[in-house]
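Taking full-length UniProt numbering, I'd label the letters of the sequence shown as residues 1 to 440. Idealized CB from N, CA, C, for every residue including glycine. Below is one structure, written out as structure tokens; comments come after it.
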Amino acid sequence: MNTSSNLKRVYNLRPFASTTLPTPYSWVNSDTKAKQLKGAHIIGQTKMDEFGMGSQSTHLPSYYTPVHNPSCPENGDEPRSAGGSSGGSAAAVAEGSCWAALGTDTGGSVRLPASYCGVVGLKPSYGMISRRGVVSYADSLDCVGVMAREVESVRRVFDAISHPDEHDMTCATLSARQKAKNLVSSYLSSFSFPSRLSGLRIGIPRETVLPAPYLSVSPSLIAVFESLGATIHHLSMPSMKIALPAYYVLASAEASSNLARYGGGWYGNEDERKQGKRGFASEQERRIQVRSEGFGREVKKRILSGTYALSADEFNNTYLKALYLRHSLRKDYQFILRTPHPLSTSPSARIPSHDGVDLILHPTSIRTAPPISSTEKDDKDETEYTQDLLTVPASLTGLPTMSVPVGEGEDGWPVGISLTAQWGYEDLLFQVGKSIEGRS
């Protein structure tokens with residue numbers, strides 16, 4: 001077995017993060033991680049958008065070319081995007097360069113590439129996989145995700161690396177994991193996975209308008225679920241409409257804080273620093289030049305947006321409103337899901353069990369992989385941000401979600417559907433994913 005990572009988290013290697021600025025050395029013990037991965041070989045790092053900011057793996061240092069999608073249905077077709085930010089990992093898995101790959105998912109950076117490239121991509125419950133060694137983009141959203149060609153392979157990697165970590169305060173504790181495990185085991189015992197889905201209630205939000213590439217796939221997919229005994233229920237989740245702007249406010253604000261540490265260290269003695277003998281009149285001048293030249297256009301844009309949202313004039317009007325919208329979205333998900341949250345300390349408002357759902361189903365992306373030439377044009381406007389429209393809700397809620405390939409769109413390129421479950425219910429995603437894998 002071999003694995004690849006575009007992350008910030010390749011063990012015993014310096015994080016890449018697609019930046020020209022120096023990144024912290026990853027001191028995570030490689031022997032420990034090798035044991036967790038059951039002897040799998042880490043074969044290298046792959047390309048990604050700078051600091052994980054992007055949806056097409058085109059925000060790269062100038063000496064790199066964009067990541068090409070290996071899923072080419074016709075010879076001579078224009079090169080298409082592998083998605084982002086973890087597009088390199090998805091492409092490596094899709095073309096068979098590795099058995100599985102890691103990536104980070106902040107707002108869809110594992111799931112979107114997985115959908116574009118026709119592979120399975122998991123964003124786990126927030127805190128299920130330690131973020132130690134990850135170069136942070138947005139601390140409250142960043143998750144280490146897994147990609148592979150089969151659901152079972154994703155499950156094996158997830159089980160190997162999902163452990164408590166006392167060095168990561170956001171990582172779920174052993175007691176929290178045990179509580180979730182007990183709830184999930186009891187819940188799954190009432191089903192006949194993977195051959196039957198009898199009793200499973202699947203919700204499809206009306207707010208996720210079916211994109212054109214899914215029109216030919218959706219009827220057959222729903223038929224597969226129903227043939228296995230599941231029931232489909234259309235429901236309304238109004239807060240999904242405001243998830244995208246809330247996400248970009250919060251993620252950019254956290255990025256503004258996290259990336260403040262990258263200013264280029266001043267090496268030398270104290271006298272040199274005070275006298276500015278490195279060619280700079282002041283520390284401020286040096287920092288401005290290093291950050292202006294070191295960060296790419298997209299990163300600078302998000303840092304500026306985040307700094308603005310955190311400013312005294314906009315904090316209440318922008319940042320706090322985004323936090324409120326995130327809270328509303330979480331409440332909507334907990335209201336719809338009939339499975340209890342393992343970490344909830346008090347009962348929350350929930351729809352009656354006979355009306356609630358076990359899973360939420362929707363397309364992973366709003367389109368198939370776009371031509372790389374069009375993504376370069378999108379860099380000049382906000383079109384790229386809309387690619388995350390269907391992936392950011394699960395990120396804001398911290399719930400586990402998995403993109404599973406379900407065939408091809410009308411243009412012959414892969415499409416994927418996302419399954420979202422209650423926190424800690426990854427095993428439900430794996431069981432349902434294996435039930436529909438290859439059937440649509």
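Contact the stretch 166 to 174 vs the stretch 128 to 148: 3+ CB pairs below 8 angstroms: yes
What are the uninterrupted segments assigned as beta strand (DSSP E) that are 3 or more residues long and contained completely in the stretch 104 to 128, given in chain order? 120 to 123
Three-pair Cβ contact test at 8 angstroms for the stretch 416 to 435 versus the stretch 394 to 405: yes
Cα-Cα, which of H234, L200 and L228 is closest to L210? H234
Start and end of the beta strand (DSSP E) containing E408? T401 to E408
Cα separation between R297 and S305? 12 angstroms
Backbone secondary structure at T420 - three-state DSSP: strand
If we ignore side chains and look at the alpha-carbon of each, how far apart do S331 and Y64 end up? Residue identity differs from the one stated: residue 331 is Lys in this sequence, not Ser. One C-alpha to the other measures close to 42 angstroms.
R439 versus P219 - alpha carbon distance: 13 angstroms
Which full runs of the alpha helix (DSSP H) of 4+ residues lie inside the stretch 297 to 368, going along the chain? 297 to 309 and 320 to 336
Extent of the continuous beta strand (DSSP E) run through A148: C143 to A148
Considering only C-alpha positions, which residue in the set G44, G52, P79 and L389 is nearest to P370? P79
Within the same chain, show all residues whose beta-carbon is closer than 6 angstroms to that of A180, passing over the 5 residues directly before and after it, in chain order. P342 and G424
Using CA coordinates, which residue listed in V392, P405, A322 and L37 is at the minimum distance from H163? L37
Where does H362 land, buried or exposed, given buried means 16+ other C-beta within 10 angstroms? buried
Nearest CA to the CA of S227: which residue from S175, V357, V217 and L197? L197
Nearest CA to the CA of R286: which residue from Y262, S435 and R302? Y262
Supposed close pair S151, E408 - CB separation, criterion 8 angstroms: Going by the sequence as given, residue 151 is Val instead of Ser. With a Cβ gap of about 19 angstroms, V151 and E408 do not count as contacting.
With DSSP as the reference, label S86 as helix, strand or coil. coil
Give the straight-line distance between the Cα atoms of D427 and Q45, rounded to the nearest whole angstrom. 28 angstroms
Rounded C-alpha distance that separates S30 from F315: Only weak support is given to the placement of S30: the predicted model assigns it a pLDDT of 46, under 50, and the value that follows is read from those uncertain coordinates. Their backbone Cα atoms lie some 41 angstroms apart in a straight line.
Please state if the CB of V144 and the CB of V154 are separated by a distance shorter than 9 angstroms. no
What are the partner residues of L235, as DSSP defines its beta bridges? P205
Determine the DSSP secondary structure at T19, reduced to helix, strand or coil. coil
Is it true that the CB of A230 sits closer than 9 angstroms to the CB of L200? yes
I242, enclosing alpha helix (DSSP H) - first and last residue: Counting along the chain, I242 falls outside any alpha helix (DSSP H), and DSSP gives it neither H nor E.
Going by DSSP, which residues form a beta bridge with R80? P371
As a quick exercise: from D49, C72 and T391, pick the residue whose alpha carbon is nearest that of residue 456. This structure cannot settle anything about residue 456, because the visible part of the chain is limited to 1 through 440.
What are the uninterrupted segments assigned as alpha helix (DSSP H) that are 4 or more residues long and contained completely in the stretch 163 to 188, given in chain order? 174 to 188
Exposed or buried, which one is S239 when buried takes at least 16 other CB atoms within 10 Å? buried
Report the residue from W413, A17, R156 and A312 whose alpha carbon sits nearest the alpha carbon of S216. W413
Let's test the definition: count the other Cβ atoms within 10 Å of the Cβ of I202 and tell me whether it reaches 16, buried, or not, exposed. buried
Decide if D313 is buried, meaning its Cβ has at least 16 other Cβ atoms within 10 Å, or exposed. exposed
What is the DSSP secondary structure of D31, counted as helix, strand or coil? Reliability of the predicted coordinates at D31 is poor, the pLDDT of 46 falling under 50, and no value is obtained from them.
Assigned secondary structure, L429 (DSSP; H/G/I helix, E/B strand, else coil): helix
Do you know how far the Cα of G54 is from the Cα of S252? 12 angstroms
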